[in-house]
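In our numbering, the protein residues as written are 724 to 989. Presented below is the structure to which this report refers.
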Amino acid sequence: MNETITSIAIIGAGNVATHLALGLSGKGFTIRQVFSRTEESARELATKLNCPYTSSLEQLTPDADLYIVSIKDSALESVIPHITRRNPQALFVHTAGSMSADVWKGYANRYGVIYPMQTFSKQRTIDFTDIPVFIEANNADDTDRLTRLMEQLSRHIYHVSSEQRRYLHIAAVFACNFTNHMYAVCEHLLKAHGLPFAAMLPLIDETARKVHLLSPTEAQTGPACRYDVNVIDRHLQMLNGEPELAKLYELISQNIHVYNERKSKH
724 MNETITSIAI IGAGNVATHL ALGLSGKGFT IRQVFSRTEE SARELATKLN CPYTSSLEQL
784 TPDADLYIVS IKDSALESVI PHITRRNPQA LFVHTAGSMS ADVWKGYANR YGVIYPMQTF
844 SKQRTIDFTD IPVFIEANNA DDTDRLTRLM EQLSRHIYHV SSEQRRYLHI AAVFACNFTN
904 HMYAVCEHLL KAHGLPFAAM LPLIDETARK VHLLSPTEAQ TGPACRYDVN VIDRHLQMLN
964 GEPELAKLYE LISQNIHVYN ERKSKH
């Protein structure tokens with residue numbers, strides 16, 4: 724068994740797979756092969772990496788030290804038996820925030836998780852240096868191997884359990900996905916009244932900057948924080964024509980008020 728990881732197979736060609744593969748390749752690791760169910764996606768990433776590709780699990784390379792599986796959660800369990808039998812001595816990891824490491828149990832002797840917590844898009848280049856990476860493995864030696872591997876990319880490596888990672892993932896959904904959806908709602912309301920979304924960018928940027936210095940509850944402002952019922956009711960009336968947004972506004976406002984009340988009692 725190799726003491727260090729030198730060669731890697733990438734299973735998947737989406738956002739996370741692309742950034743991980745490019746980052747590791749840039750640090751001198753050999754990417755043996757890229758697999759994707761879609762040949763076009765596999766070829767696109769493999770071309771960037773200058774490595775072979777396949778869209779058939781039966782043609783997956785048996786010669787990698789590490790197999791990084793970065794595909795949709797719903798497809799993960801169905802491909803694991805096919806992947807692991809190609810090289811039973813290798814180390815296998817997935818990159819899913821909400822899937823247990825034990826999804827590998829019974830199929831692989833050595834397994835774990837690499838979870839880089841960031842929002843990834845193929846179109847944007849991201850510096851991995853400050854991205855927190857959460858690692859789990861089923862033995863101490865492989866925990867160390869994965870740690871040394873990811874320390875080549877990131878300064879922030881954490882060892883967490885599958886249960887802890889599940890809560891990281893749901894927290895990230897609130898912090899990132901739901902926040903971005905609020906931007907989409909904002910853009911919708913502004914466009915409907917001939918206003919530019921770009922006018923909101925300084926406000927968005929300052930809101931993000933503040934939580935580097937204050938806790939989110941301390942940074943909270945707005946009518947729900949001070950429970951200004953007159954403003955809240957006026958806003959709800961303005962949203963009469965869009966009952967789903969009115970309900971969303973009301974629920975979030977109530978929740979902000981609850982958090983603010985809880986803060987004031989401590």
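The C-beta atom is built at its ideal place from N, Cα and C for all residues, glycine as well.
For L936 and D928, I'd like the C-alpha separation in whole angstroms. 14 Å
How should Y834 be labelled, buried or exposed, when 16 other C-beta atoms within 10 angstroms of its C-beta is the threshold for buried? buried
For F843, three-class secondary structure by DSSP: coil
In chain order, what residues of the same chain lie with their CB nearer than 6 Å to the CB of S987, ignoring the 5 residues before and after it? none
Nearest to E800 by alpha carbon, out of A819, P785, P811 and N810? A819
Beta strand (DSSP E) segments (min. 3 residues) lying fully within the segment 724 to 768: 730 to 734 and 753 to 758
Beta-carbon spacing of H882, E859 below 8 Å: yes
Any idea which residues DSSP pairs A860 with across the strands? G835
Once the 5 residues before and after R809 are set aside, which same chain residues still bring their CB inside 6 Å of it? L783 and P785
Proximity winner among L876, L743, I979 and R760, relative to G945 (alpha-carbon distances): I979
What span of residues does the beta strand (DSSP E) with Y950 cover, start to end? Per DSSP, Y950 belongs to no beta strand (DSSP E) and is neither H nor E.
Over the uninterrupted beta strand (DSSP E) stretch that includes V792, give me the two end residues. L789 to V792
Taking all protein chains shown into account, do 16 or more other C-beta atoms lie within 10 angstroms of the C-beta of C774, making it buried, or fewer, making it exposed? buried
Pop quiz: V768 and A798 are said to be a contact at Cβ under 8 Å. What is the actual Cβ separation, rounded to whole angstroms? Correcting the residue type first, residue 768 is Leu in the shown sequence and not Val. With a Cβ gap of about 17 Å, L768 and A798 do not count as contacting.
Who does L814 pair with in a DSSP beta bridge? L789 and R833
Quick one: any contact between the segment 788 to 796 and the segment 731 to 745, if contact means 3 or more CB pairs under 8 Å? yes
Is the beta carbon of L876 closer than 8 Å to that of K771? no
Counting C-beta neighbours from all protein chains within 10 Å, is the total for Y838 16 or more, i.e. buried, or is it exposed? buried
Status (buried if at least 16 other CB within 10 Å, exposed otherwise) for F901: exposed
Taking C-alpha atoms, which residue in N983, A921 and L918 lies nearest to A947? N983
Using beta-carbon positions only, say whether E744 and I754 come within less than 8 Å of one another. The residue asked about is misnamed: residue 744 is Ala in this sequence, not Glu. Yes; because the gap between Cβ atoms is below 8 Å, this pair is in contact.
If you draw a straight line from the C-alpha of V908 to the C-alpha of L971, how long is it? 10 Å
Assuming F752 contacts I731 under a Cβ cut-off of 8 Å, what Cβ separation, rounded to an integer in Å, is found between them? 6 Å
If we ignore side chains and look at the alpha-carbon of each, how far apart do L912 and C899 end up? 20 Å
I'd like to know whether the C-beta atoms of L780 and H805 end up nearer to each other than 8 Å. yes
Rounded to whole angstroms, what is the Cα-Cα separation between E956 and A824? One detail in the question is off: residue 956 reads as Asp in this sequence, not Glu. The straight-line gap from Cα to Cα measures roughly 47 Å.
Using three-state DSSP, classify H882 as helix, strand or coil. strand
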